[in-house]
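Student: Protein sequence lines, in the order shown, are assigned to chains X and F.
For the first sequence, the residue numbers in the working numbering are -4 to 108.
For the second sequence, the residue numbers in the working numbering are 930 to 1044.
Idealized CB from N, CA, C, for every residue including glycine.
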Amino acid sequence: DTGVSQNPRHKITKRGQNVTFRCDPISEHNRLYWYRQTLGQGPEFLTYFQNEAQLEKSRLLSDRFSAERPKGSFSTLEIQRTEQGDSAMYLCASSLARDYEQYFGPGTRLTVT
Amino acid sequence: AQTVTQSQPEMSVQEAETVTLSCTYDTSESDYYLFWYKQPPSRQMILVIRQEAYKQQNATENRFSVNFQKAAKSFSLKISDSQLGDAAMYFCAYRETGANSKLTFGKGITLSVRP
């Protein structure tokens, strides 16, 4: 399967713990995006990378959130000191820089108890 | 800031019938892209159809077509010959042209298909 993959698919954590999610994009795609989707809402943009450079961050991305894409391939999204409001589906997508179709992964569902 | 509005939270259609999902958006840009994405239950989001704002012709993809009204900032999706597999959440999305390629989504609409 050469689609976008995300791990883990589900994560349950206690409030105050740190969590890290991984996204593996389609191999030739150099743009990678993170979105957050809460129940009953559409995805909201968090951040995106072109190769290893993080080009834009939403104001939704508080100081507790950090994303990296160290070698321009996979990306990680870390949430420190999780809060119940962080409970959501975290979606990753990738695209070719000059192509406008974003291909989405299956998401990581985070539950903070 | 751009906004996308999907005011119908749910719709239902009889199998083999036609259904239209509505979407409006707000932007000050003259050129942009619009998309409809499908998110089946517990499955990943896939692109259904896209429309470039500079194109006057409405996009079509097999049973899926759009009615793009640029002046009214309206972008509806028509699904013909509805199938059980069409049951899903459908999201309307907007994207600027140029370097900033983030998508702005509406809240989505849940489509159910009655056998």
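1) Nearest CA to the CA of Q937(F): which residue from Y1019(F), G1014(F) and F993(F)?
2) Just by C-beta distance, which residues in the segment 974 to 987 of chain F are closer than 8 Å to chain X?
3) What are the boundary residues of the beta strand (DSSP E) that includes D955(F)?
4) Which residues in chain F sit within 7 Å of Q97(X), going by Cβ to Cβ distance?
5) Can you find a C-beta in chain X that's less than 8 Å from the C-beta of F993(F)?
6) Taking contact to mean at least 3 C-beta pairs separated by less than 8 Å, is the segment 985 to 994 of chain F in contact with the segment 1005 to 1015 of chain F?
7) What's the call for Q935(F), buried or exposed, on a 16-neighbour Cβ count within 10 Å?
8) Does DSSP put L976(F) in a helix, in a strand, or in coil?
9) State yes or no: is the C-beta of A1017(F) within less than 8 Å of the C-beta of P969(F)?
10) Does the segment 21 to 33 of chain X come within contact of the segment 66 to 86 of chain X, defined as at least 3 CB pairs closer than 8 Å?
11) Going along the chain, which unbroken runs of the beta strand (DSSP E) with 3 or more residues stay wholly within the segment 976 to 1013 of chain F?
12) With DSSP as the reference, label Q79(X) as helix, strand or coil.
13) Less than 6 Å between C-beta atoms, sequence neighbours within five positions excluded: which residues of the same chain meet that for E63(X)?
14) Could you check whether Y954(F) and Q931(F) sit closer than 8 Å to each other, using their CB atoms as the reference points?
Tutor: Let me lay it out:
1) Comparing C-alpha distances from Q937(F) to each of Y1019(F), G1014(F) and F993(F) shows the shortest one belongs to Y1019(F).
2) In summary, the residues of the segment 974 to 987 of chain F whose CB is separated from some CB of chain X by less than 8 Å are M974, I975, L976 and R979, in the order they occur in the chain.
3) Bounds of the beta strand (DSSP E) holding D955(F) are T953 to D955.
4) Simply L1032.
5) No, F993(F) does not count as interfacial toward chain X.
6) Verdict: yes, contact present.
7) Buried, by the Cβ-count rule.
8) Judged by DSSP in its simplified three-state form, L976(F) adopts strand.
9) A contact, by the Cβ cut-off of 8 Å.
10) Short answer: they touch.
11) Qualifying beta strand (DSSP E) stretches, in chain order: 993 to 998 and 1003 to 1008.
12) Helix at Q79(X).
13) Excluding sequence neighbours, E63(X) sits near T71.
14) Going by C-beta atoms, Q931(F) is nearer than 8 Å to Y954(F).
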